[in-house]
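>
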Amino acid sequence: MDGLTPFTKYLVAMNQWRSQTNVFLRVIGVLRSLLLATSLFLLWAWLRPEAWMQQVALFIISLIAFLVTSWSKGIRKNSEAEWLVSLEMKNPASNPSAFQIKHKRDLGEVWTRNIEADIDEQKYEGKRIIRAKLASLLVPLIALFLFYENAGQAWDRALYSIERAAMSLSYGAKIRVLEGSPSDERGTVTLSSTRKFEITVLEQNLIELTVNAAPDATPLLQLKDKDGKLMQTFKLMRMGDAREDDASGTFALRFAQSEDAELYLSTISTSKSVASIKVKKLPVPRVILSSMARPGEPWADDKPLPLIIDVKADNPLQAVQLHIKAGERESRELVSEVMAQDKKDLNTRYNLALESFMEQDVQEIEIVAEAMDRSVPVPLVGRSKPIVVQVASAYGRYKMSLDTLRQIKTLLDASLQSQTPINAKEMKELSEKVQTQADDSPFYDGLDRQQLNQMNQAFEILEQRPNMQIAMKVSEDLNRFLFEHESLDDRERDRDFFIGARTLSRVLEQDKKERKLEVEDVMKKLQTFAKERADRWEKRVERLSPENRPEGWKSIKDNPIAQGLAPIKAADDKGDTRTAIQTLSKNVERYRQWIEELEAKEDSSRKQQEEQRQQGLADARNVMKELQRRQGSVSTKLDKAGDRPQEELQQSWNAVRMD
């Protein structure tokens, strides 16, 4: 600026001030727009606090509208010619003329004073404009204050809505292969609705899906086959600690995929696949396992289970085995060791003994056939789809048959009580099922099977021609049959405790070096048995009427017998056999007193129920006799109504109605 004339320097300085003033005015305009938009935002947050999307949309639209309407060119800069004209008009008498000072190096005292006075006037006018613009902020500030005071928590919700709207820009989903990538790469792929990605993995794989979404969202991943059939649905779990003021949440899922699948993610699209997983199959042996067990029917544990195993492989086979899982126990059993070095196909039958896998009376056993080939360096193993077989011991099948009889009794009693038609077909099917179970159970004798056969025949008669008398007779026979077996079964099982107690007593009396059984093992089995019986006692007590419930149940229901056996082990460890046996004897005596009290109450309750049942049957018979008598009276008095006079018939009808 050293080479500029004094007039030009004044012009440049004035224009710089005008530029700064324009920036300040635009800042005021933006601030006013923000205040007005925020006021509308708060107003809508107060009126509709749940509509956060509407709040955000109103804020953005109103902000743009206010910015557009408040935008102005500001204070225009002075040009050299315009300023000279203005100075000449304001100072016409000055000498030299204003047009002659443009290139002068010395303006002189007069023009210096005139130019500085004009600059002061322009700055005063600019400041007045600034004050006017600042005054325009007063109304938005008052509105903002009023809405803030009245909206209460809406302000916090409004800020949360803004934060949530901002964070929604970062919402999305990413997927990556942690294990099983053919190229050993772990690159992350961002999923979108505009592009479908194809991911290739090996059979042994682990895939991670990460979703960034709204904190209250519940991202769901659906895997479908190429035909659109649903294969599996996953719910993604949120990572980290969740807080109420979070504007976004990160959800993650790790899963393995064994078959080709299409991925549908609820946060992106539920109708369009966002990725496709291709599982690169290894040439593992293909194994098919089937069994002779019928679905829904228990298999007897004393019968070997016939299995059919079919194997086809691309490489020579080495061995075929079974992977068996029963409860928490797992084991493998060799089926065939292939001696031929070039054999690739195998079809074999195998009878699997099940008794050794039984831990309960009714046990579910999962069986998988595995085939290993001769691949190098690592043999490939193919597995069949698992089959689950329900296996029942003799006692388990006996209990299942009693449960089926109880189902029949429930259906029959419901029909008799409500006087509704008897579903004899369903009862007959259940009865035939019981007969099948009874033929295979040693807990039924010849008389039991004969009684079951008679009941089955009765259901066949009821199916052909329903008869209330026959139904009542079957109900009575069924009730007696169940009572005999349930009572005998419960009471026999109760007395198995004494067998276990005698076993424990003999083990305690033996020298520790000579024992074949451990005290702890026998005691734990006895405690488990006592807990199982306590569950059964609870059901038996619940069936009793309140006045017939044994008083000792209050002290027995917390299972003090199982707890009272615990000190036996401690006494035995100290070598105090006498104390251990005394503790056992006390608990055995308490057990004996309890079951005798329970059985006495059951007998008393059963006697009362039988008396009530007989009374009910007698009342039903009396009602049927009365109905038969009335039917006979009506038939006699109204016999041959067509041949009798109208008056006589009317009198007979009145007599029938009065009867």
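First residue of the sequence shown: 530, per the numbering used here; consecutive thereafter. Ideal placement from N, C-alpha and C gives every residue a C-beta, glycine not left out.
Restricting to Cα atoms, I'd like to know which of 1053, 706 and 898 is closest to residue 738.
Answer by Cα proximity: 706.
> Between residue 898 and residue 816, which are expected to be in contact by the criterion C-beta below 8 Å, what is the C-beta distance as a whole number of angstroms?
That belief holds up - the Cβ atoms of residue 898 and residue 816 are roughly 5 Å apart, short of 8 Å.
> So, are the CB atoms of residue 805 and residue 727 less than 8 Å apart?
Yes, the pair counts as a contact, with Cβ atoms nearer than the cut-off.
> What alpha helix (DSSP H) runs, 4 residues minimum, are completely inside the segment 758-812?
For the segment 758-812, not a single whole alpha helix (DSSP H) run of length 4 or above is found.
> Evaluate residue 995 with the Cβ neighbour count: other Cβ atoms within 10 Å of its Cβ, from every protein chain shown; 16 or more gives buried, anything less gives exposed.
Its Cβ having fewer than 16 others within 10 Å, residue 995 is exposed.
> Comparing C-alpha positions only, which one of 1000, 930 and 911 sits nearest to residue 972?
Cα-wise, what sits closest to residue 972 is 930.
> Which residues in the same chain as residue 830 place their Cβ atom closer than 6 Å to its Cβ, once the five residues preceding and following it in sequence are excluded?
Excluding residues within five positions, the ones whose Cβ falls inside 6 Å are 883, 884, 887, 920 and 922.
> Out of 786, 742 and 741, state which residue places its alpha-carbon closest to the alpha-carbon of residue 761.
The shortest Cα separation from residue 761 among 786, 742 and 741 belongs to 786.
> DSSP three-state label for residue 973, please.
Coil.
> Going by the CB atoms, is the gap between residue 1007 and residue 934 shorter than 8 Å?
Yes, they are a contact pair.
> Taking DSSP as the reference, what is the three-state secondary structure of residue 600?
Looking at residue 600 - three-state DSSP - the assignment turns out to be coil, as it is neither helix nor strand.
> Would you say residue 765 faces chain B, with C-beta separation under 8 Å as the test?
Annotation note: the requested chain B is absent from the structure, which comprises a single protein chain.
> Strictly by DSSP, which residues pair up with residue 895?
In DSSP, residue 895 forms a bridge with 854 and 917.
> What is the DSSP secondary structure of residue 1152, counted as helix, strand or coil?
Helix, per DSSP.
> From the DSSP output, which residues share a beta bridge with residue 901?
Looking at the DSSP assignment, residue 901 forms a beta bridge with 848 and 910.
> Mark residue 759 as exposed unless 16 or more other C-beta atoms lie within 10 angstroms of its C-beta, in which case mark it buried.
So residue 759 counts as exposed.
> Enumerated in chain order, which unbroken segments of the alpha helix (DSSP H) with a length of 4 residues or greater are wholly contained in the segment 1025-1078?
You should have 1048-1072.
> Decide if residue 1221 is buried, meaning its Cβ has at least 16 other Cβ atoms within 10 Å, or exposed.
Any question about residue 1221 goes unanswered here, given that the chain covers just 530 to 1188.
> Should residue 1141 be labelled buried (16 or more other beta-carbon atoms within 10 Å of its own) or exposed?
Answer is exposed; the Cβ neighbour count stays below 16.
> Whether or not the segment 840-854 and the segment 872-883 are in contact is what I'm after, with contact meaning three or more pairs of Cβ atoms, one per stretch, closer than 8 Å; do they touch?
Enough Cβ pairs lie closer than 8 Å, so yes.
> What does the alpha-carbon distance come out to for the pair residue 781 and residue 655?
When rounded, the distance between both Cα atoms is 59 Å.
> How many Å lie between residue 826 and residue 892 at the Cα?
So the two alpha carbons sit approximately 12 Å from each other.
> Have a look at residue 599 and residue 673 and give me their C-alpha separation to the nearest angstrom.
Distance between the alpha carbons of residue 599 and residue 673: 19 Å.
> Run the CB neighbour count on residue 1027, radius 10 Å, all protein chains shown included, and call it buried at 16 or more, exposed below.
The residue is exposed, with fewer than 16 neighbouring Cβ atoms inside 10 Å.
> For a test of the three-state rule: what should DSSP assign to residue 1125, helix, strand or coil?
Helix.
> Where does residue 747 fall in DSSP's three states?
Looking at residue 747 - three-state DSSP - the assignment turns out to be coil, as it is neither helix nor strand.
> In the DSSP assignment, what are the bridge partners of residue 705?
The partner list for residue 705 (beta bridge, DSSP) reads 717 and 737.
> Taking DSSP as the reference, what is the three-state secondary structure of residue 669?
DSSP places residue 669 in helix when its eight states are reduced to three.
> Using the beta-carbon count (16 or more within 10 Å), is residue 1144 buried or exposed?
It counts as exposed.
> How about residue 536 and residue 670: are their beta carbons less than 8 Å apart?
The answer is no: Cβ separation not under 8 Å.
> Quick check: the Cα distance between residue 925 and residue 853, rounded to an integer number of angstroms?
Going by the C-alpha atoms only, they are around 21 Å apart.
> State the DSSP-derived secondary structure class of residue 1002, mapped to helix, strand or coil.
Reduced to three states, the DSSP call for residue 1002 is helix.
> Along the chain, where does the beta strand (DSSP E) containing residue 834 start, and where does it finish?
Per DSSP, residue 834 belongs to the beta strand (DSSP E) from 834-841.
> Could you please give me the residues that DSSP links to residue 700 through a beta bridge?
DSSP lists no partner for residue 700.
> When you compare only the Cα positions, how much space is there between residue 957 and residue 1047?
Cα-Cα distance, rounded: 50 Å.
> Kindly list the residues whose CB is nearer than 6 Å to the CB of residue 1070, restricted to its own chain and excluding five residues on each side of it in sequence; keep chain order.
Within the same chain, residue 1070 has close Cβ partners 1078 and 1082.
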